[in-house]
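One structure below.
Numbering (full-length UniProt numbering), first residue to last: 1 to 364.
Put into structure tokens, the structure is as follows:
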């Protein structure tokens with residue numbers, strides 16, 4: 001199988017007789033916000049489309065193989081709620097084999113969850129850190145969806161950094177939070193902002209803070225003495241709001257994948273975010289090779305750009321609920337996001353083969 005996939009013709013439907021890996025009836029671990037069928041989504045075609053590379057066949061997700069590869073290991077998803085979305089997809093894909101035990105330090109805390117698969121001695125976790133770096137609400141009265149956040153771009157968020165040496169594999173990501181109003185600090189000094197609309201403060205594009213955040217995160221991983229893990233950077237996950245943004249009437253009502261031409265304008269800023277990540281990952285990988293650390297790119301961006309049909313929209317809650325904002329950021333479960341773990345398993349297989357090759361070289 002080629003080492004990379006072509007993105008030119010990404011979508012072919014799955015065969016009609018093969019449904020999703022799980023359903024909302026077979027997996028009890030789906031949170032309501034992604035449980036689109038539970039809350040009345042009438043169509044099911046969005047679950048049947050599957051990404052197919054041009055020049056090869058991406059293997060289906062094999063839960064047993066995944067668990068065997070990670071036997072005695074640990075895997076953490078670091079980032080925002082889209083990262084947690086991927087972890088919940090993985091939980092459901094693995095549920096066809098076994099359900100895990102919830103071993104979270106605080107059972108009611110959905111931001112920091114730990115699951116343990118006793119039969120495989122495998123731990124799966126999510127560590128909430130939407131900016132990856134230190135962040136504080138600029139409003140002393142507390143956080144709101146429109147409040148300005150203070151970001152300290154050269155200081156890592158210790159909420160994840162203090163835990164990360166415990167994990168063998170780390171999937172790190174960040175995204176939509178960087179489009180919010182931000183005050184940006186480096187070396188303790190205000191250096192600019194994003195969407196702050198304040199006089200005498202330089203307004204910087206979102207890519208600036210995004211780049212700095214990943215640079216700080218990777219620098220932290222490179223410099224942590226006890227971190228020996230393999231790091232996967234999961235690339236930017238696009239939102240698909242149409243006819244407005246999240247806070248002014250935007251929605252995502254499509255029921256089929258789209259073409260690249262249909263989202264040309266959005267594609268520009270999305271690919272800018274992707275390019276920023278790719279450049280920082282490449283730099284980290286180069287430095288990591290000197291230190292025996294692996295940094296990989298888990299590329300999901302352009303694949304998901306073509307899936308405006310996969311979001312909850314307004315079906316992540318009861319229709320009688322007092323919720324007016326559409327969710328065109330997260331992904332329905334089951335849905336297109338399940339493909340991400342097909343990618344992850346493929347990359348873990350390659351990582352296992354590479355590690356085996358390194359062992360052979362050492363013994364030769």
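The beta-carbon is built from N, C-alpha and C at its ideal position, and this holds for glycine as well. Please read all numbers here as calculations on a predicted model, not as lab measurements.
For residue 238, the closest alpha carbon among the candidates 304, 59, 344, 326 is that of 304. If you check the CB distance, residue 173 and residue 79 come in under 8 angstroms.
Distance from the Cα of residue 324 is smallest, within the candidate group 249, 341, 287, for 249. Inclusion of residue 235 and residue 306 in the CB contact set at 8 angstroms is not warranted, their separation being larger than that value.
Residues 32, 33, 39, 323 of the same chain have their beta carbon placed closer than 8 angstroms to that of residue 317, with the five preceding and five following residues left out of the count. Judged by their CB atoms, residue 311 and residue 240 are nearer to each other than the 8 angstroms cut-off. Taking the CA atoms as reference points, residue 59 sits about 34 angstroms from residue 178. For residue 189, the closest C-alpha among the options 301, 223, 202, 180 is that of 202. Checking the DSSP bridge columns, you'll see residue 194 partnered with 182. Within the model, the alpha-carbon separation for residue 346 versus residue 73 is close to 17 angstroms. DSSP places residue 74 in the uninterrupted beta strand (DSSP E) bounded by 74-79. In this structure, residue 217 sits away from residue 183, with a CB-CB distance that is not shorter than 8 angstroms. Per DSSP, the continuous beta strand (DSSP E) segment holding residue 117 begins and ends at 112-117. In the displayed model, residue 205 falls within coil according to three-state DSSP, outside both helix and strand. Contact between the segment 191-208 and the segment 245-263 is absent: fewer than three C-beta pairs spanning the two stretches fall below 8 angstroms.
8 angstroms or more divides the Cβ of residue 69 from the Cβ of residue 344. Within the model, the alpha-carbon separation for residue 252 versus residue 230 is close to 35 angstroms. Residue 165 sits exposed, since fewer than 16 C-beta atoms from the chains shown fall within 10 Å of its C-beta. Burial state of residue 131 is buried, judged by a 10 Å Cβ sphere holding 16 or more other Cβ atoms. In the displayed model, residue 124 falls within a strand according to three-state DSSP. Shown here, residue 347 sits in a helix according to DSSP, grouped into three states. For residue 225, the three-state secondary structure derived from DSSP is coil.
Taking residue 314 as reference, the option from 28, 242, 36 with the minimal CA-CA separation is 36. Residue 87 sits away from residue 335, with the two beta carbons spaced by 8 angstroms or more. Under the DSSP assignment, residue 49 falls outside any alpha helix (DSSP H), being part of the beta strand (DSSP E) whose first and last residues are 49-51. With contacts defined by Cβ atoms closer than 8 angstroms, residue 75 and residue 167 form a contacting pair. According to the DSSP assignment, residue 255 belongs to no alpha helix (DSSP H), since it is labelled neither H nor E. Using a Cβ distance threshold of 8 angstroms, residue 22 and residue 96 count as a contacting pair.
For residue 135, the pairing in a beta bridge is given by DSSP as 151. DSSP places residue 294 inside the beta strand (DSSP E), whose first and last residues are 294-298.
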